[in-house]
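Undergrad: Chains as they are written, first to last, in our numbering: chain A, 845 to 946; chain B, 845 to 946; chain C, 287 to 447; chain D, 287 to 447.
Beta carbons are placed, not taken as given, at the ideal position from N, Cα and C, and that holds for glycine.
The structure's right below; bear with me while I get my questions together.
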Ligand SMILES: Nc1ncnc2c1ncn2[C@@H]1O[C@H](COP(=O)(O)OP(=O)(O)O)[C@@H](O)[C@H]1O
Ligand SMILES: Nc1ncnc2c1ncn2[C@@H]1O[C@H](COP(=O)(O)OP(=O)(O)O)[C@@H](O)[C@H]1O
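The following block contains the structure:
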């Protein structure tokens, strides 16, 4: 798994472009790497999933956790560029309405 | 397996561009398809192997057979665009000097 | 068991691919499992959606073995047995879990957003047949999951192609 | 058997991938076998040359089973057992061939160009250890092929990367 980071101070935006398969093995890493990047308040955290080829309930669980943590930091989690079949896992579990997906 | 054909009457040249894996399963087809195309005398038969991703002793056996048949028809067999690891099978069996490889 | 699935399982066709894997109980092997599954069904030309569903359900099942039954103890191992034809994808997971009671697996309330509890829900949603068999004596568990591939009578995957 | 290979085989490491396949004796399954092999060793990041050598030797062995032992009778089946670690690739082929005498396999004269007779030569050239074991009683044959993956002490494939 690979994470590319992009930080836009003026927009208070951080983009994490993730590459790889989000199963229980790869989720731990990603979680801690993003938690480290949380800012005080008002930031947007975009997870660009363009290069995520696989996601399962372990990946979803991490995203739920991240969204809750980000909310505590008064930030917003945005998930972008979901491909089928990754998008499918969100709809299967009805989490597509819980997350802000663009 | 797929074969693309190109015929150049003026040069007495036939080019067969082969796509796929040349194992015992796919060899039979290819053999008969090329034998059908043999011309009386003086033709060059080029096998373009650019899109051949696998070749084994069954494929080599067919090529030996084709070369002999083509010789009987006073033609020339030319093998082109071999990639590693296909080229490797020729050298392993010392057949790289038997065939005309470009 | 649904009579149609029972019939399919009992009359597996001759063009069956039968694959057994013994895998280490490490989360690292999950991607290996997905790759082998993809390789073993490539000739069936399944839709992307269907292939992913099969990978997903199998991974969820193996994740549960690694996480719940083996508690990430990598010295443990489990077995996968995959049988496929153009009609059916069947996978069995053999592992050890003394005291496991499949009836106790909770059904999640999708209105209550939690960080876990979706794995078995996903498996049951994707697969046409899911059955845990436990042997109290030996502590061995056999999980059978079946997906019917025949598009005309199944939904052909959870998402559009 | 070479003492180094014997040691490796007897002390297979814990991070072993163990895969068993039961395959129909049809030449159509050869590409399936190559795909599963590639999937099962992908995490080892072998060179292209080495991966192809392994696919090639295994295919040659299976081709011989299908062609010589089973004479293209597709109702027959055989078994492949693959064990890999970062040190070793071992594959066993189990099949039936009453009356098969491995010592009778001819060694080809490479100066004499023929249409066949190169399969076993290729296998022996690629693999570090090749051993046919026949059971006269049952007619069962077990072919074991081993390739050492450890680059420092092996040639790391027949061709440059
Ligand atoms: N193979 C298993 N062995 C033991 N317990 C299991 C197994 N599969 C599921 N469970 C139990 O069922 C619960 C729900 O599992 P699951 O839906 O996969 O969600 P999660 O793993 O996120 O908790 C688990 O928390 C666990 O208690
Ligand atoms: N598994 C096998 N069962 C029976 N005979 C075999 C087997 N493998 C090889 N042979 C014999 O050895 C010969 C050489 O085999 P090989 O080198 O693969 O070349 P080819 O298959 O082209 O003849 C075969 O012609 C066959 O007689």
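In whole angstroms, give me the CA-to-CA distance for residue 384/C and residue 362/C.
TA: Approximately 14 Å between the Cα atoms of the pair.
Undergrad: What number of angstroms, rounded off, separates the C-alpha of residue 926/B from the C-alpha of residue 857/B?
TA: Distance between the alpha carbons of residue 926/B and residue 857/B: 19 Å.
Undergrad: With DSSP as the reference, label residue 906/A as helix, strand or coil.
TA: Helix at residue 906/A.
Undergrad: Pull the bridge partners of residue 432/D from the DSSP assignment, please.
TA: Answer by DSSP bridge pairing, in chain order: 376/D and 415/D.
Undergrad: Give me the residue from 348/C, 359/C, 340/C and 317/C with the minimum Cα distance to residue 866/A.
TA: Checking every option, the nearest Cα to that of residue 866/A belongs to 317/C.
Undergrad: With distances taken Cα to Cα, identify the nearest neighbour of residue 387/C among 294/C, 309/C, 427/C and 329/C.
TA: That would be 427/C, whose Cα lies nearest to the Cα of residue 387/C.
Undergrad: For residue 350/C, which residues in the same chain have their Cβ closer than 8 Å to its Cβ, ignoring the five residues on either side in sequence?
TA: Cβ neighbours of residue 350/C beyond the five flanking positions: 405 and 406.
Undergrad: Taking residue 896/A as part of the beta strand (DSSP E), name the residues at either end of that continuous run.
TA: Looking at the DSSP string, the run of the beta strand (DSSP E) that includes residue 896/A is 888-899.
Undergrad: Residue 868/B: buried (16+ other C-beta within 10 angstroms of its C-beta) or exposed?
TA: So residue 868/B counts as buried.
Undergrad: Within 8 Å of any Cβ in chain D, is that where the Cβ of residue 902/B sits?
TA: It does: the Cβ of residue 902/B has a partner Cβ on chain D nearer than 8 Å.
Undergrad: So residue 871/B and residue 915/B are supposed to be a Cβ contact under 8 Å. How far apart are they, rounded?
TA: Actually they are not in contact, since the Cβ atoms of residue 871/B and residue 915/B sit about 19 Å apart, beyond 8 Å.
Undergrad: Residues of chain C with CB under 8 Å from residue 868/A, in chain order?
TA: The contacting residues are 313, 316, 349, 352 and 353.
Undergrad: Give the straight-line distance between the Cα atoms of residue 409/C and residue 315/C, rounded to the nearest whole angstrom.
TA: Answer to the nearest angstrom: the Cα atoms are 19 Å apart.
Undergrad: Excluding the five sequence neighbours on either side, which residues of its own chain have a C-beta within less than 7 Å of the C-beta of residue 1034/B, listed in chain order?
TA: Past the boundaries of the shown model lies residue 1034/B; chain B is included only from 845 to 946, so the question cannot be answered.
Undergrad: When we look at the beta-carbon of residue 354/C and count the other beta-carbons within 10 Å, is it buried (16 or more) or exposed?
TA: Label assigned to residue 354/C: exposed.
Undergrad: Tell me the DSSP secondary structure of residue 309/D in three-state form.
TA: It is a strand residue.
Undergrad: Could you tell me whether the Cβ of residue 464/D comes closer than 8 Å to any Cβ of chain C?
TA: Only positions 287 to 447 of chain D appear in this structure, which leaves residue 464/D out of reach.
Undergrad: Considering only C-alpha positions, which residue in the set 907/A, 942/A, 944/A and 853/A is nearest to residue 873/A?
TA: The shortest Cα separation from residue 873/A among 907/A, 942/A, 944/A and 853/A belongs to 907/A.
Undergrad: So which residues on chain D does residue 946/B lean against when the C-beta distance must stay under 7 Å?
TA: Chain D residues near residue 946/B: none, gap ~19 Å exceeds 7 Å.
Undergrad: Express the C-alpha separation of residue 403/C and residue 392/C in angstroms, rounding to a whole number.
TA: So the two alpha carbons sit approximately 8 Å from each other.
Undergrad: DSSP state of residue 358/C, grouped into three classes?
TA: Residue 358/C: coil per DSSP, three-state reduction.
Undergrad: Work out the CA separation of residue 936/A and residue 896/B for me, nearest whole Å.
TA: One C-alpha to the other measures close to 41 Å.
Undergrad: Give the list of continuous beta strand (DSSP E) stretches no shorter than 3 residues that lie fully inside the region 318-371 of chain C.
TA: Complete beta strand (DSSP E) runs here, min 3: 363-370.
Undergrad: Is residue 260/D helix, strand or coil when you go by DSSP?
TA: The first residue shown for chain D is 287 and the last is 447, placing residue 260/D beyond what the model contains.
Undergrad: Under a CB-based cut-off of 8 Å, is residue 331/C close to chain D?
TA: False, the Cβ-Cβ gap to chain D never drops below 8 Å.
Undergrad: Any idea which residues DSSP pairs residue 427/D with across the strands?
TA: Residue 427/D is bridged to 381/D and 420/D.
Undergrad: Contact criterion: CB-CB distance below 8 Å. Does residue 435/D meet it with respect to chain B?
TA: It does not; no Cβ of chain B falls within 8 Å.
Undergrad: I'd like to know whether the C-beta of residue 928/A is nearer than 8 Å to at least one C-beta of chain C.
TA: True, the Cβ-Cβ gap to chain C drops below 8 Å.
Undergrad: Starting from residue 861/A, trace the beta strand (DSSP E) in both directions and tell me its first and last residue.
TA: Note, residue 861/A: beta strand (DSSP E), 857-866.
Undergrad: Where does residue 461/D land, buried or exposed, given buried means 16+ other C-beta within 10 angstroms?
TA: Because chain D in this structure spans residues 287 to 447, residue 461/D falls outside the shown range and cannot be described.
Undergrad: Would you please verify whether the beta carbon of residue 898/B is less than 8 Å from any beta carbon of chain D?
TA: For residue 898/B, the answer is yes, since a Cβ of chain D falls inside 8 Å of its Cβ.
Undergrad: Determine the closest residue to residue 344/D out of 394/D, 307/D and 420/D, with distance taken between C-alpha atoms.
TA: Closest by alpha carbon: 307/D.
Undergrad: Does the region 290-302 of chain D touch the region 326-334 of chain D, meaning 3 or more C-beta pairs lie closer than 8 Å?
TA: No: the two stretches stay apart, fewer than three of their Cβ pairs being nearer than 8 Å.
Undergrad: Measure the alpha-carbon distance for residue 348/D versus residue 401/C and round it to whole angstroms.
TA: Their Cα atoms are separated by approximately 48 Å.
Undergrad: Is residue 382/D near ligand 2, going by C-beta to nearest heavy atom under 7 Å?
TA: Residue 382/D Cβ: outside cutoff for every heavy atom of ligand 2.
Undergrad: Going straight from the alpha carbon of residue 396/C to that of residue 939/A, what length do you get?
TA: Taking the straight line from one Cα to the other gives about 8 Å.
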